[in-house]
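Only one structure is covered here, and it is reproduced in the block below.
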Amino acid sequence: MDSFVRFENVTKEYRAGDVVVTALQGVSFEIMKGEICIILGESGAGKTTVLNILGGMDTLTSGKAYLGEKEISLLNKKELTAYRREDIGFVFQFYNLIPNLTAIENVEIVTQMIKDPLPAEQVLKDVGLEDRMYHFPAQLSGGEQQRVAIARALAKRPRLLLCDEPTGALDYRTGRQILKLLQDQSRNNGISVVIVTHNSALTGMADRIIRLKSGKVVSIKENERDLSVEEIEW
Amino acid sequence: MVMRRSSAWRKNNLREIKKTPGRYFAILAIIALGVGFFSGLIITKPAMVKTLDKYVTEHKMYDFRLLSTLGLTDEDVSFFNAKEGMTAEGALSVDFMAALDEGEEEIILKAHSVTESVSLLSVRQGRLPKAANECVLDARMFSDDVIGTKIKVSESNDKDTKDLFAYDEYEVVGLVNSVHYISYDRGTTGIGTGSVHAFAFIPIEGFDVEYFTEIQLWLPHDFEIYSEEYEDFISSREEIVKAALEERADLRYKSIVDEAMEKIADGQKEYDEAYEEYLKEKADAEKELEDAKKELEDAEKKIREEEEKLLDGEKKLLDGEKEYLEAVKEYEESLADFTQKEKDAYAALDAAKQELQQQRLQVESGISQIEKSGVLEQFAQLTETIASLKEALSMISPSLPQYQAFKMQLAQAEVALQRIHESGALVQYEQLKGALVQIEEGEVRWEREKEMTVQMLEEGKAKLSEGKIRLDDAKAEIDKNKKDIEEGKKAIQEAKEEYEKGLLDYEKGKKEADEAFQEAEEELAKALKDLENARKEVEDIPKPKTFILDRTYNQGYASFENDSSILEGIGKVLPVFFFLVAAMVCSVTMTRMTDEHRTQIGTLKALGYGDFKIARKYMTYAGSAALIGCVIGYFMGTKYFPMAIWAAYSMIYDISSIAYIHDIRLAVISLAVSFLCSVGVTYVSCKSELLQMPAELIRPKAPKPGKRVLLERIPVIWSRLRFVQKVSIRNIFRYKRRLLMTVLGVAGCMSMVVAALGIKNSVSNVVNDQFDNIMIYDFNIRFSEGQTSAERAEFIKTYKDVLSECAFVLESDIEAVKGESIKTVTMVATDDPNITSVVRLYSKSGNMPYPSDGKAVLSHRLAENFNIAVGDTITVRINDLETADIPVEGIFENYMGNFLFMTGNTYKAFFEKEPSYQNAYASTDKEDLYSVSALLTNDDSVASVTVLYDLRVMVDNMMESLNRVVTLVIFCAAALSFVVIYNLNNINITERAREIATIKVLGFYPYETEEYIFRETLILTAISVIIGLGLGKLLHQFVMDQIRVDAVSFKYRILWSSYFIGAAVTFVITFLVNLMLRKKIDNIKPAESLKSVE
Ligand SMILES: Nc1ncnc2c1ncn2[C@@H]1O[C@H](COP(=O)(O)OP(=O)(O)O)[C@@H](O)[C@H]1O
Ligand SMILES: [Mg+2]
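Chains as they are written, first to last, in the working numbering: chain A, 10 to 243; chain B, 1470 to 2563.
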């Protein structure tokens, strides 16, 4: 089976004046299509950096990064924007909804932007928010907001869904629901999902677990049998 | 420890400023703008007033002008001078026609005497006059090349005027400004065109007068012009001065009357003497004539006698002549007789002689024949021979042989002699010889007879000669007598001629004398009548009228107060507005800042910092920006506003430069307001934030919930909006203060630009309306004298090719009076029907016909000023004493100048004289107005031609200065808009960094991202522009109401282009700010921004 996402010896350095911080150092991994991949590591390990590079939000210093046949590391700024627009769905720790738009409008941001989106109402129904569609983010709980964020990400039918600590700001129960949602969406729609977390308890739901430490890949593990979210505990 | 902490604290504050330069700049700039506008507008009036005050004080402008209808004297001057706290100087002023250069048109000047202690002149060029025949001229109206030339008192002035001047011409030695002429207005006059062209100052010695027309009074004081203190001071003095002036005038009246009476008495005496002398002279002359007459008569008699004598002589002469002629005839007869006699005598003599001669001839020829025949000789010979032979025989003896031969010879000779005897020849000869003797005797007798005859003839001749001599004598005498008579005749002729001449002379002398007497009599009669009149006049000398004119009667002084207040009205509104916007900007900015610093504040509080200490940080931030802004604004405002306004007014007022003043109170107020708008506003808007408990503060602020707007109730529209639009619309209404700030600022900008341009439109339209719609003629032609109807027709005929329209009018500047106020109005009177083709009268409701007889139409500005309605009357000054009330039939629209139109009959009725049509309003179809005007000017009857286009040019120049004010306002407005938009965008961008990052991550292209922020400012700008349209119109209205320019009435009008430019400027600023802040949006790195919680 061909890899869908591929990092080849990716190094990322942040330069702030004379100080050089190496966030990633020779990171290589592959993720197959339709897989749920969890990137695990302590705070500061470089997880977000990987995600940013993968999501076209940041560039790498050396090495190569591919999504399918597309070499992300070669894209220019404009192509990166188009890449984010067409191929990638983002879910953030702090939801990052537009406070001034209702739930459905927040989804419509995306559906109005691309050619063949899923209907916003449909997606919101899918994430279980058919009743809260016309509420503003401030009127929604964190979990609900994160659902809107997921709906926003899914509505554009992304090739890859990137989630940075999606449950980081949520309580346990809500976190589980969100993860469940992600898992279901991935399974049902065959979307590849990369979830970044520092919580190793989540690894059970993943097809592939990549462990990072101080910018280096410590291990890559493929789960034979991934658990459904209900089965995992943390 | 404390030191360290506070310096760290300060560093923290400084870092805050460095971190947010945009916000700091926004507060600083908006305060600077507000303070600049405020202080500039407020200070302009005091600065202008101060400027004039300085000028007036430096030049000791009179506080009062004292006028008396009887004039004022040196004693009057001394009288006032002697009063405590008064400086008085007598002055003189007279309007006259002046000729500057040969051939150039004469101009009307107002000549003033130079005053030395009051109303000092300000020398701009050259120097003040020293000699009595030097002068200085109006610096506004003349350029320095006039210095060194001479102005002549024109011959066309009337005698009284000419007599006032000691010299015929005055050398120009300088150019001056005078406090009498603070503004450009030079006043009106009764001579010439009715308006004074310029003024001239001549030393009082340059005038030939015994009295002053006015006394100028200067009261030393420290009160500022226009101030209430000054007005109180003046009104308190006015009473005193008035009483004194009246007293002086009464004295002068008395002295004038006395003097006049004395003069009349002198006159009477003179007259009496003259009369006496006349009578004496008349008698003398008459006697002289009488004598001459007698002499003439004598001469005539003598002539007659002489003539008689002459006639006698002549008669005698004629008789003598006749006698003489007879004598002559006699003589001539005698002479003829004598001559005949003589002739006869001589003829007889001649005949006798001839006979004698003939006889003689016959005799002599007989003799000669005989002689010739030789007989005689033969005889003689023979005789002789015989004698000889006989002798010889006698002697010789007859014996001898010879004898016999002799005797034979003698015998022969005797025979021959016998034969001779026998032939008779000797007898005949003897006879002949006797005849010859007889003849000779006859001849002697003839001779004697001849002698006798000659003698006799001689005697006759002598007798005749005598007679002739006598006759000649007589003739000579006759001739002499004749000559004598001729001479006598000639003498008589001469005498006669002399007599005739004498008679003529006499008659002429007599006639002359008669005429002289007649004249003298008339003169005397006139003198007597003059005396009578003088007496009556003295009786009629009006009781003196006195006038006390304070400075408010000085046109420039009065209008300056108005003009200096031009910004006062704006000053009341716009700064408030600017400060309001400033307060909004501060509030919005500082709220945002404390919002951002929530956690930090909480932390500081938790660390034990006091509320005040924390609050102080923000107040210092805003306060320091306000302080700097206030200082910058104050100095810029107080300098550039008066400067810009002055640029416009310096064209009207003759004061060189504006005084910049600083007003501590204004500075303090500015600072106070600045602090109120910054520190105060900061405190109020951040109070809630600062007073919260630290725990609350550390927790993130609950995000402000999104809110639905009204538009959402209309799903048809709402559902069609793109999300960026929806977001923008919701955002606009989310922060009310920002909305208000932006709309206030941007709409303010828009409205100020619109109002400023509108002012220009209104002012420039005045010119267009005036000259395209009302006064549509091209030339105002001034003739040297009133034109008769024939001259008018001739003129129109002559120029019909160049002038399409021509209406003859009487045009004169007169004064309209209403209560205390006086306005100059141009009176136009004409019966020319063409007037309607060069002047269009229309009221608000439409066209207006030319007024009917007995009524006038009035321009609306004057009507408004004097509160005159149709049907009322307007009071105009006919001369110094009389006024007339003319009914107003209509009020017409007019923007420049005040006009009063009437018919010729109306004029005649009110002014009691025939209208003199000395002006013509004419239009041309030709392109080149100036060649036409040159052509017209060359006409001998034309004195001057005013091309109305020049006025446009002049107003265009004024527009140029108005442009500065407009530019200033537009600049401030643009700056306001800039600051506000910049601040809004700046805050929005930092506040929404996270949202921007999010949408960037979602794959928004840069322009979409920018739109997310900028659409909001664009919508706000659009809203503001719409509001600004209306606001601008209101503001324009308001400002126009404040602008009061005499003689010009503005039509409130804003062109569409002005609205457009206003909108364009506003949008351009918004675009500009957006452009500037694009980078800031671009610089937001999604990856970084999304990392942390807000
Ligand atoms: N913009 C940045 N500038 C400098 N260093 C950075 C930047 N972003 C991340 N780093 C550094 O890179 C390393 C990896 O960070 P990150 O990928 O955010 O870690 P985490 O695994 O917690 O998500 C950290 O040491 C962090 O300090
Ligand atoms: Mg991270």
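Virtual Cβ for every residue (Gly too), placed ideally from N, Cα, C.
Since we're looking at a predicted model, the values are computed, not measured.
List the whole-angstrom C-beta distance separating Leu1497(B) from Gly2098(B), where the pair is believed to meet the contact cut-off of C-beta under 8 Å.
Translated into the one-based positions of the second sequence, residue 1497(B) becomes position 28. Translated into the one-based positions of the second sequence, residue 2098(B) becomes position 629. Going by Cβ atoms, the distance from Leu1497(B) to Gly2098(B) rounds to 4 Å, so yes, they are a contact pair.
Taking its Cβ as the centre, do 16 or more other Cβ atoms sit within 10 Å of Asp11(A), making it buried, or is it exposed?
Position 2 of the first sequence, counted from the first residue, corresponds to residue 11(A). Asp11(A) comes out exposed.
Just checking Ala54(A) against ligand 1 - is the residue's beta carbon closer than 7 Å to any of the ligand's heavy atoms?
By one-based count along the first sequence, residue 54(A) stands at place 45. Answer for Ala54(A): yes, Cβ within range of ligand 1.
Cross-chain neighbours of Leu2564(B) in chain A, by beta carbon under 8 Å:
Outside the displayed range of chain B (1470 to 2563) lies residue 2564(B), so it cannot be described from this structure.
Would you mind working out which of Lys2382(B), Pro1515(B), Ala1849(B), Leu2498(B) sits nearest Tyr2528(B), comparing C-alpha positions?
The residue labelled residue 2528(B) in the question sits at position 1059 within the second sequence. The candidate whose alpha carbon is nearest that of Tyr2528(B) is Leu2498(B).
Any idea which residues DSSP pairs Arg250(A) with across the strands?
Outside the shown range of chain A, which is 10 to 243, sits residue 250(A), and nothing can be said about it.
Touch check for the stretch 2071-2089 of chain B and the stretch 2399-2419 of chain B: three-plus C-beta pairs under 8 Å?
no
Using a Cβ cut-off of 9 Å, pull out every chain B residue sitting near Thr90(A), in sequence order please.
Taking the first residue of the first sequence as 1, we reach residue 90(A) at position 81. Residues of chain B passing the Cβ test: Lys2469, Gly2472, Phe2473, Tyr2474, Pro2475.
What do you reckon, are the CB atoms on Met142(A) and Glu153(A) nearer than 8 Å?
Numbered from 1 along the first sequence, position 133 holds the residue referred to as residue 142(A). Numbered from 1 along the first sequence, position 144 holds the residue referred to as residue 153(A). No; because the gap between Cβ atoms is not below 8 Å, this pair is not in contact.
Please name the residues in the stretch 48-70 of chain A whose beta-carbon is closer than 8 Å to at least one beta-carbon of chain B, in chain order.
Thr57, Asn61, Gly64, Met66, Asp67
Whole-number beta carbon distance between Val119(A) and Arg161(A), since they are thought to touch under 8 Å:
Residue mapping note: residue 161(A) aligns to position 152 of the first sequence, counting from 1. Residue mapping note: residue 119(A) aligns to position 110 of the first sequence, counting from 1. Correct: roughly 5 Å between the Cβ atoms.
Measuring alpha carbon to alpha carbon, tell me which of Gln148(A), His207(A), Arg217(A) ends up nearest Ser52(A).
For this step, residue 52(A) is matched to residue 43 along the first sequence. For Ser52(A), the nearest C-alpha among the options comes from His207(A).
Regarding Gly65(A) and ligand 1, is the C-beta to nearest heavy atom distance less than 7 Å?
Within the first sequence, numbered from 1, the residue matching residue 65(A) stands at position 56. The answer is no for Gly65(A).
Would you mind listing the alpha helix (DSSP H) stretches within the stretch 151-216 of chain A that are 4+ residues and don't spill past its ends, in chain order?
151-164, 181-198
Taking 8 Å as the threshold (C-beta atoms), are Ser195(A) and Ile97(A) in contact?
Within the first sequence, numbered from 1, the residue matching residue 97(A) stands at position 88. Within the first sequence, numbered from 1, the residue matching residue 195(A) stands at position 186. For Ile97(A) and Ser195(A), no; Cβs fall outside 8 Å.
For chain A, find out if any of its Cβ atoms is closer than 8 Å to the Cβ of Pro2555(B); answer yes or no.
Residue 2555(B) sits at position 1086 when you count from the first residue of the second sequence. Output row for Pro2555(B): interface = yes.
Who are the near neighbours of Leu2140(B) in its chain, counting only those whose CB is closer than 7 Å to its CB and skipping five residues on each side?
One-based indexing of the second sequence puts residue 2140(B) at position 671. Counting only Cβ-Cβ distances below 7 Å, and skipping sequence neighbours, we find Cys2099.
Please decide whether Asn2200(B) counts as near chain A, where near means a Cβ-Cβ distance under 8 Å.
For this step, residue 2200(B) is matched to residue 731 along the second sequence. Cβ-Cβ to chain A under 8 Å: yes for Asn2200(B).
Please confirm whether any heavy atom of ligand 1 lies closer than 7 Å to the CB of Gly72(A).
On the first sequence, position 63 is the one that residue 72(A) refers to. Not under cutoff, so the answer is no.
Would you say Glu2557(B) touches ligand 1, meaning its beta carbon is less than 7 Å from a heavy atom?
Taking the first residue of the second sequence as 1, we reach residue 2557(B) at position 1088. Yes.
Does the distance between the C-beta of Val227(A) and the nearest non-hydrogen atom of ligand 1 fall short of 7 Å?
For this step, residue 227(A) is matched to residue 218 along the first sequence. Checking the Cβ of Val227(A) against ligand 1 gives no.
Work out the CA separation of Asn105(A) and Ala54(A) for me, nearest whole Å.
By one-based count along the first sequence, residue 54(A) stands at place 45. By one-based count along the first sequence, residue 105(A) stands at place 96. In a straight line, the C-alpha of Ala54(A) is about 23 Å away from that of Asn105(A).
Would Glu17(A) and Gly72(A) be called neighbours here (beta carbons separated by less than 8 Å)?
Numbered from its first residue, the first sequence carries residue 17(A) at position 8. Numbered from its first residue, the first sequence carries residue 72(A) at position 63. Yes, Cβ-Cβ distance for Glu17(A) and Gly72(A) is below 8 Å.
Let me check you understand the geometry: is the CB of Val30(A) closer than 7 Å to at least one non-hydrogen atom of ligand 1?
Here residue 30(A) refers to the residue found at position 21 of the first sequence. Correct: Val30(A) has its Cβ closer than 7 Å to ligand 1.
Got a sec: is the Cβ-Cβ distance from Asn105(A) to anything in chain B below 8 Å?
Translated into positions along the first sequence, residue 105(A) becomes position 96. Yes, its Cβ sits closer than 8 Å to a Cβ of chain B.
What I want to know is whether the C-beta of Gly1505(B) ends up closer than 7 Å to one or more non-hydrogen atoms of ligand 3.
In the structure shown, ligand 3 is absent; the only ligands present are ligand 1 and ligand 2.
Since Asn85(A) meets chain B, which of its residues come closer than 8 Å, beta carbon to beta carbon?
Within the first sequence, numbered from 1, the residue matching residue 85(A) stands at position 76. Per Cβ cutoff of 8 Å: no residues; Asn85(A) is ~13 Å from chain B at best.
Within a Cβ cutoff of 6 Å, which residues of the same chain sit near Ala2027(B), ignoring the five residues on either side of it in sequence?
Taking the first residue of the second sequence as position 1, residue 2027(B) is located at position 558. Cβ neighbours of Ala2027(B) beyond the five flanking positions: Thr2021.
What number of angstroms, rounded off, separates the C-alpha of Tyr2376(B) from the C-alpha of Val1615(B)?
Looking up residue 2376(B) in the second sequence gives position 907. Looking up residue 1615(B) in the second sequence gives position 146. If you take the alpha carbons of Tyr2376(B) and Val1615(B), they lie about 40 Å apart.
For His2066(B), count neighbouring C-beta atoms within 10 Å of its own C-beta (all shown protein chains included) and say buried if the count is 16 or more, exposed if not.
On the second sequence, position 597 is the one that residue 2066(B) refers to. Under this definition His2066(B) is a buried residue.
For Ile45(A), which beta-bridge partners are listed by DSSP?
Here the question's residue 45(A) lines up with position 36 in the first sequence. Answer is Val202(A).
Does the Cβ of Thr58(A) lie closer than 7 Å to at least one heavy atom of ligand 1?
Here the question's residue 58(A) lines up with position 49 in the first sequence. Yes; taking the cut-off as 7 Å, the Cβ of Thr58(A) has a heavy atom of ligand 1 nearer than that.
Any heavy atom of ligand 1 within a distance shorter than 7 Å of the CB on Ala2466(B)?
Against the second sequence, residue 2466(B) aligns to sequence position 997. No, Cβ of Ala2466(B) sits at least 7 Å from all heavy atoms of ligand 1.
Length of the line joining the Cα atoms of Glu1927(B) and Gly1911(B):
By one-based count along the second sequence, residue 1927(B) stands at place 458. By one-based count along the second sequence, residue 1911(B) stands at place 442. Using only the alpha carbons, I get a separation of about 23 Å.
Separation of Leu170(A) from Lys86(A), as counted between CA atoms:
Counting from 1 along the first sequence, the entry for residue 86(A) is found at position 77. Counting from 1 along the first sequence, the entry for residue 170(A) is found at position 161. One C-alpha to the other measures close to 20 Å.
Excluding sequence positions up to five away, which residues of its chain have a Cβ less than 7 Å from the Cβ of Phe2240(B)?
Against the second sequence, residue 2240(B) aligns to sequence position 771. So the list reads Leu2417, Arg2421, once near-sequence residues are dropped.
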